[in-house]
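What follows is one structure encoded as structure tokens, with my remarks underneath.
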Amino acid sequence: MAAVLDQPASKPRQALGRKQWIGLAVLLVVACVLPFVLGNYRVFQLTLALAYAIAILGLNMLTGYNGQISLGHGAFFAIGAYAAAILMDKAGWPYWATIPVAGLVCFVAGFLFGLPALRLEGLYLALATFALGVAMPQILKYKAFEHWTGGAMGVVIVKPDAPEGVPLSQDQWLYFFTLFWVVVLFVAGWNLLRGRVGRALVAIRDQPTAAKAMGINTALYKSTTFGVSALYTGIAGALSAIAVQFASPDSFAIFLSITLLVGVVVGGLASISGAFYGALFIQFIPNIADQISKAAPWALYGVFLIGLMYLMPTGVAGLVRLLRHRWDTRRRSH
Amino acid sequence: MAVQDPSLPLLDVRGVTVRFGGITALDGVSFAIARGAITGLIGPNGAGKTTLFNCLSRLYVPTEGSILFEGTPLEQSPAHRIAALGIGRTFQNLALFRTMSVRDNVMVGGHCRTGSGFLANALRLPAVRREEHRLSDQAERLMALLDLQDVAQRPVSDLPFGTAKRVEFARALMSEPKLLLLDEPAGGLNHEEVDGLRQLLRRIQSELRLTILLVEHHMNLVMRVSDQVVALDFGRKIADGTPAEVQAHPDVVRAYLGAEA
Amino acid sequence: MDLLLHQVLSGLATGGIYASVALALVMIYQATHLVNFAQGELAMFATYLSWTLMQSGLPYWVAFALTVLIAFAAGVVIERVVVRPVENGSVLSVVIVFIGLLVIFNSLAGWIYSYTIKPFPSPFPSDLVAGGLLSGHELGSMLVTLGVLVLVFVFFRFTPLGLAMRAAAQNPVSSRLVGVRVGWMLALGWGLASAIGAVAGMMVAPIVFLEPNMMGGILLYAFAGALLGGIDSPGGAVLGGFLVGVLENLVGMVLGTELKLSVALVIIVAVLVVRPSGLFGQVHVARV
Amino acid sequence: MSTPLLQVKGLHAQYGPTRVLHGIDFEVREGGITTILGANGAGKTTTLRAVCAMVRTQGEVWLGGERIDGKATEAIVRAGVAHVPDGRGTFMNLTVDENLRLGAYTRKDKEQVGEDRERLLQWFPRLRERLKQQAGTLSGGEQQMLAVSRALMLRPRLLLLDEPSFGLAPRIVQELFEIFGEINKSQRTSMLLVEQNAALALKLADHAYLLETGRVVISGSAESIRNDESIRRSYLGY
Amino acid sequence: QSKGEIKLGQTMPYSGPASAYGTIGKVQQAYFKMVNDNGGINGRMVNLLSVDDGYSPPKAVEQVRKLVEQDEVLALFQTLGTPSNSAIHKYVNAKKVPHLFVATGATKWNDPKGFPWTFGFNLSYQTEGEIYARYILKEKPNAKIAILYQNDDYGKDVLAGVKRVLTGDKAKMIVAEQTYEVTDPTVDSQILSLKASGADTFINITTPKFAAQSIRKVADVGWKPLQFINNVGASVGSVLTPAGLDKSVGLITVQYYKDANDPQWKDDPAMLQWRGFMGKYYRDGNPADASNIYGVLAAELMVQVLKQCGNDISRENIKKQAESIKNFKSGLLLPGIAMNTSPSDHAPVDQAQLSKFDGKQWQLFGSVLGGQG
Ligand SMILES: Nc1ncnc2c1ncn2[C@@H]1O[C@H](COP(=O)(O)OP(=O)(O)OP(=O)(O)O)[C@@H](O)[C@H]1O
Ligand SMILES: Nc1ncnc2c1ncn2[C@@H]1O[C@H](COP(=O)(O)OP(=O)(O)OP(=O)(O)O)[C@@H](O)[C@H]1O
Ligand SMILES: [Mg+2]
Ligand SMILES: [Mg+2]
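Written out as structure tokens, the structure reads:
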């Protein structure tokens with residue numbers, strides 16, 4: 620299954636052109652203005668979407684770039700969320716200090732999980748990760764850990780205020796806090812994926828034997844990618860837990876893992892910008908479906924999903940890329 | 010580390026046997042390759058030539074025997090260290106990274122000559138930039154050598170077979186090998202192109218000071234370009250010598266070349 | 047020891063459920079090289095259909111046969127209409143379409159039939175057998191599973207159509223070049239998988255009761271069972287299903303039920319790490 | 137002159153937006169062997185693919201008086217066209233035996249199939265040794281033998297051969313071309329042959345076409361081309 | 268005519284693992300439609316915005332914030348599920364939004380000091396557990412008890428109630444405990460283990476599907492314990508009938524509202540009225556599903572609160588009135604049971620009655636009970 624991942628050809632990984640820089644700057648400005656135009660509730664939603672975008676980028680590194688399918692990334696989202704929640708609630712840490720720790724914990728967890736997963740391919744890896752996703756809520760509920768995890772009741776955390784002197788509401792502040800992490804992690808991800816390591820990841824996905832013969836330590840790369848992917852997802856989990864002020868086993872049911880994968884594919888496999896499209900989809904489409912039909916909201920969601928795959932088999936990012944390509948060639952021919 | 014005696018063979022294959030279940034693909038094969046030589050490896054289909062290559066790149070582990078490269082047994086190194094030791098290769102049936110551009114494919118070849126890790130890449134440290142520069146210059150040069158500049162940005166999956174083979178070639182050279190293993194580089198080339206390949210081989214041998222082990226069924230090429238030819242049949246070595254000697258060897262004629270060689 | 051025997055037999059009974067769904071997964075895998083995550087929901091929907099047919103007064107076996115036929119046709123139609131357009135896309139976009147199908151069928155069933163559980167009849171006598179350790183239905187449905195297994199095995203192993211189907215799944219281009227109608231093979235595979243699923247659903251429902259989520263948990267176990275046995279081996283999948291059923295019960299008995307699922311999954315994954323193609327799966331060597 | 141079995145008129149072909157064939161005409165006589173020669177990337181493989189509808193085409197393709205362009209690949213195969221494709225098209229995860237069985241998938245004459253299989257295994261004893269082996273583990277040349285055998289299992293009216301000598305040892309190549317000649321005589325199988333080894337191809341074929349970037353530049357009897365020094369120099373390079 | 272509308276909000280699991288409860292939201296919307304058709308409450312129309320949270324706490328937070336901040340609902344009503352309500356608990360209290368009659372039986376909702384804006388509704392799970400335990404202590408002091416419970420907050424809450432009574436050396440009466448996950452296909456194996464423990468009493472804390480499975484399995488393996496089935500799984504229509512009425516004889520449960528499929532209420536005026544409502548306003552709904560009575564019961568209480576509000580439709584007043592339910596007797600409640608709240612008691616239902624299944628219907632017995640609360 621993974622061996623035949625049919626990705627669009629990777630575009631030349633060059634530095635951004637001037638136009639792209641301008642585009643990015645505009646986007647960033649818009650992102651900074653938005654919270655002052657929208658109500659707190661919308662800002663909160665966008666914060667969640669940003670957190671999802673980080674998780675999706677993490678999963679995309681693993682699945683899109685490196686060809687290892689994960690149906691259980693919700694587990695790392697959960698670990699990140701609980702790491703933050705427990706540190707804040709039980710150890711009294713400030714919220715901002717928990718993020719790197721959540722990332723680190725997930726990196727280790729992901730790396731360790733990646734080791735046995737090395738032996739598994741395609742569907743077999745899908746099962747192993749699926750199992751992880753299914754088991755995680757159970758483990759979180761387990762009585763031996765109840766002292767930290769709060770068992771089935773979960774952990775309630777206090778929502779952080781903006782630092783003194785910063786005239787922002789809690790939601791706005793958290794939005795900027797999350798945006799900061801988005802920028803950091805996306806820049807790092809972009810750097811990572813366009814250089815030596817990124818090429819190695821794709822090489823392993825496309826032709827593992829040749830990759831090995833070219834001197835790539837496939838085992839180390841694959842498990843490290845698992846770790847990095849988990850790190851991203853874990854940070855996303857921590858950020859979203861802080862925004863939601865709550866972490867419980869039911870927050871991380873297996874459907875979260877599936878949803879993240881949906882986000883990856885809908886956004887566009889092996890695409891960095893795709894993470895944002897995917898995040899917007901998983902954040903907002905269920906609400907829209909719910910607004911249209913109470914009777915069977917998910918039937919509608921399913922229809923959206925299938926329709927989208929018809930229209931954009933390579934995800935939104937794939938379509939955007941195609942349109943841009945057409946546009947460029949048309950302009951050049953004029 | 011043993012001190013390298015330049016008179017020692019670069020590669021010394023000693024009694025290598027490979028079995029897959031009941032099939033003996035290689036059966037006690039021994040031969041040596043001198044530094045700087047081009048050695049032809051011939052034999053009927055299924056004789057074990059590719060299998061030997063796979064042993065040299067540690068994708069297969071010999072059931073018996075050992076392989077010394079620059080005096081050191083290969084089995085001490087894991088597969089992904091082989092390229093760094095200085096053994097580069099191409100694949101018989103193409104093993105390119107099919108979604109990547111020609112350029113990126115070639116760049117991956119330089120993986121073993123660079124060392125930056127995840128963190129350094131994520132932070133894009135100055136060292137990483139320098140390394141990337143060096144790599145892309147080198148790739149540019151090799152693509153020029155192999156006439157690949159025009160397709161540099163094309164995904165390799167669109168390329169005709171002959172061109173794809175050249176990409177493999179460039180990718181292998183990117184690792185700055187001491188020993189280059191070529192598995193049927195002339196497959197699918199016409200007369201004229203084979204001639205071009207012959208010249209290219211000679212050129213890189215002298216310019217880049219490479220040692221080449223060449224598997225090929227194109228007799229014209231093998232006999233004209235090789236300094237030494239080794240012939241296998243049913244996993245056993247049946248002849249080893251100069252091209253003329255091997256070509257005239259009765260076993261080689263019977264098993265491999267057929268009546269009108 | 048009495049409890050052990052009880053648990054093993056009860057594990058076999060539930061394992062039979064997993065095995066029958068695992069068979070449907072193997073069928074679709076052989077035909078498409080994918081695992082259809084919507085398989086369980088398709089089976090559930092088919093079971094509702096047979097329930098409706100029975101409600102309208104049809105005798106059990108008539109409804110049974112009709113359901114299998116309709117499920118077959120529905121499988122063919124779904125492949126042709128829903129899956130076909132994304133067939134050439136990446137594997138993951140097909141997986142996303144499966145997920146879409148899953149939520150659609152689940153949601154529709156809830157909407158049409160409500161989430162209240164419904165009893166579903168069994169064609170087998172309700173008496174206890176095997177010294178009261180198994181119900182008639184449990185034994186009967188195990189036999190049905192084994193029967194289906196034999197059919198699937200013979201189909202893939204000995205018929206040209208079975209061979210063509212496997213060929214079409216792994217190399218469509220070459221399959222066309224030997225005259226295999228690849229499109230129809232995929233549709234046929236869907237049809238057969240869907241029919242097998244329908245049988246599985248009708249065997250499962252009397253045990254777990256009919257409701258829209260009845261296949262959710264089962265699909266996970268069936269998936270695990272199919273892979274444990276080897277996804278390309280029908281016999282392996284059935285054995286895998288039974289093993290999962292027994293394993294789950296034994297873990298529950300020894301370690302308690304709270305982490306039963308997790309521990310069972312860890313064991314399964316551990317086995318797969320040792321045998322990455324499952325217990326009976328073919329080891330595929332990709333050489334260069 | 138007898139009627140053509142395959143007649144191609146104004147054939148265009150393209151991959152996505154890129155055109156590769158620009159209106160070529162050629163034919164294969166009933167019982168004849170036609171070869172298509174040309175440099176790397178000239179479009180030879182594409183021509184064979186176009187005949188059995190594996191790429192997007194325009195133009196007419198007639199097989200024995202019936203128009204087959206626009207039909208599905210499998211329908212064309214069922215009409216008696218077998219193809220030894222570029223890259224062999226091995227069913228990697230099936231056994232050698234299953235690969236051969238698939239070759240005869242569309243045939244109804246089961247007894248004949250058994251005979252044909254037996255004859256092929258005599259020609260290629262290597263395959264007999266490997267019958268139960270997973271085809272993907274065969275060596276390159278063994279897979280090439282398998283590809284040829286699989287196509288012959290169809291007992292086609294027309295055999296499309298895309299570099300059948302690819303990766304084969306010299307002795308096997310000689311034997312293979314003898315076998316082609318024999319099949320051509322005994323079963324009157326027509327062949328369309330693409331081959332890098334022009335000398336070999338021209339020896340077997342009765343008719344030849346020279347392709348350059350998707351256009352036919354020269355055509356004629358194999359003999360005349362073989363004997364034309366200037367064509368040989370400038371196009372065939374030997 | 269109309270003096271404007273009263274906007275209420277709720278989250279419901281219209282999708283996800285708990286979709287079965289989605290019918291509560293639907294029946295309540297239908298109920299308020301009926302109320303509006305009959306002129307509303309004090310001339311005001313009730314508009315219940317019912318949105319999906321997929322039984323996922325983060326989604327619930329998001330949806331509740333939308334209801335509160337964007338739709339500006341006056342109060343929340345019957346938001347469903349312990350995890351979802353836990354997630355919004357702090358938020359709604361900080362926002363001072365009446366958080367009324369949550370659809371879960373956890374005890375923590377009745378905490379007027381800590382969370383003055385939150386009100387429970389169900390007979391609390393713990394109370395229910397206590398009732399069973401006390402009954403056992405009285406009737407079968409030497410019982411050996413086996414317990415099966417769902418491995419989540421609900422299951423653990425009922426269990427906690429049982430254990431609160433069985434303390435000290437009484438704790439040893441519990442000889443076996445087994446759990447299951449909602450995703451488990453069957454609970455056969457658990458029942459076998461429980462039976463093998465030698466227990467003669469079985470407390471069954473399960474949701475409808477598993478309740479039916481376990482009742483049937485207990486009978487099939489020939490285990491004959493004194494059997495308690497918790498209220499969640501005691502519906503004649505959706506549990507006992509599928510399990511087999513003959514296999515359900517002797518079951519004991521605790522009830523506080525009427526069971527629609529219980530033949531004894533066939534001609535009960537309140538039930539007739541309810542059936543009429545279902546037929547007219549909620550045709551899609553399944554009358555065998557006890558959730559549809561539960562939902563209407565809660566809606567009736569909501570209407571009562573709004574009626575008491577009179578013309579002062581402010582959040583403070585709604586809270587105040589919700590704290591001032593005095594002896595509210597819906598026809599859907601069992602005879603003798605009434606709802607009461609006060610500023611120090613945010614749990615409207617704290618009475619219930621034991622009943623025993625006789626093969627056809629639940630036979631109430633004993634007196635109306637209250638928990639330790
Ligand atoms: N993984 C494997 N499993 C089983 N048999 C194998 C495997 N790899 C190689 N073989 C067998 O070993 C023999 C040698 O194969 P190899 O590929 O080395 O031949 P070769 O000399 O390269 O032939 P060719 O010239 O056709 O490429 C073949 O008969 C092949 O079937
Ligand atoms: N799948 C493809 N996608 C895009 N372009 C292709 C594809 N296959 C072939 N081409 C292009 O079509 C042209 C003709 O290719 P074709 O394979 O037909 O040539 P050929 O004559 O068979 O060459 P060779 O001797 O290398 O086999 C080439 O320029 C090639 O780049
Ligand atoms: Mg070889
Ligand atoms: Mg070609």
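Residue numbers (the numbering used here), protein chains in the order written: chain D, 620 to 953; chain X, 10 to 270; chain V, 47 to 334; chain Y, 137 to 374; chain E, 268 to 640. Positions of the beta carbon are idealized from the N, C-alpha and C atoms, including for glycine.
Extent of the continuous beta strand (DSSP E) to which residue i belongs
i             : result
residue 140/Y : 140-151
residue 629/E : 629-637
residue 158/Y : 154-165
residue 309/E : Taken as a continuous stretch (DSSP letters only), residue 309/E belongs to no beta strand (DSSP E), as it is neither H nor E.
Residue i in three-state terms, based on DSSP
i             : result
residue 315/V : helix
residue 227/X : coil
residue 164/V : strand
residue 166/X : helix
residue 416/E : strand
residue 227/Y : coil
residue 606/E : strand
residue 125/V : helix
residue 557/E : coil
residue 635/D : coil
residue 202/X : helix
residue 277/E : strand
residue 611/E : coil
Supposed close pair residue i, residue j - CB separation, criterion 8 Å
i             : j             : result
residue 172/V : residue 182/V : 6 Å
residue 518/E : residue 624/E : 4 Å
residue 869/D : residue 350/E : 4 Å
residue 192/X : residue 224/X : 5 Å
residue 409/Y : residue 147/Y : Nothing about residue 409/Y can be reported from this structure: the residues present for chain Y run from 137 to 374 only.
Residue interval of the alpha helix (DSSP H) (run including residue i)
i             : result
residue 300/E : 289-304
residue 229/V : 228-254
Within chain D, partners of residue i - CB distance below 8 Å
i             : result
residue 157/V : 914, 915, 918
Contact set between residue i and chain V, taken where Cβ atoms lie within less than 7 Å
i             : result
residue 838/D : What residue 838/D touches in chain V: nothing, since even the nearest Cβ is about 13 Å away.
Inset, instruction - Taking a Cβ distance cut-off of 8 Å, strictly less, list which residues of the stretch 94-107 of chain X are near chain D, in chain order. - result: 98, 100, 104, 105, 106, 107
Legend entry - Residues from the stretch 181-202 of chain V in contact with chain D, defined by Cβ distance under 7 Å: none
Inset, instruction - Determine which residues of the stretch 249-278 of chain V have a Cβ less than 9 Å from any Cβ of chain X, and write them out in chain order. - result: none
Inset, instruction - Could you list the residues in the stretch 64-95 of chain V with a C-beta less than 9 Å from some C-beta on chain E, going in chain order? - result: 64
Legend entry - chain X contacts from the stretch 269-298 of chain Y (Cβ-Cβ distance under 9 Å): 269, 273, 274, 275, 276, 277, 278, 279, 280, 281
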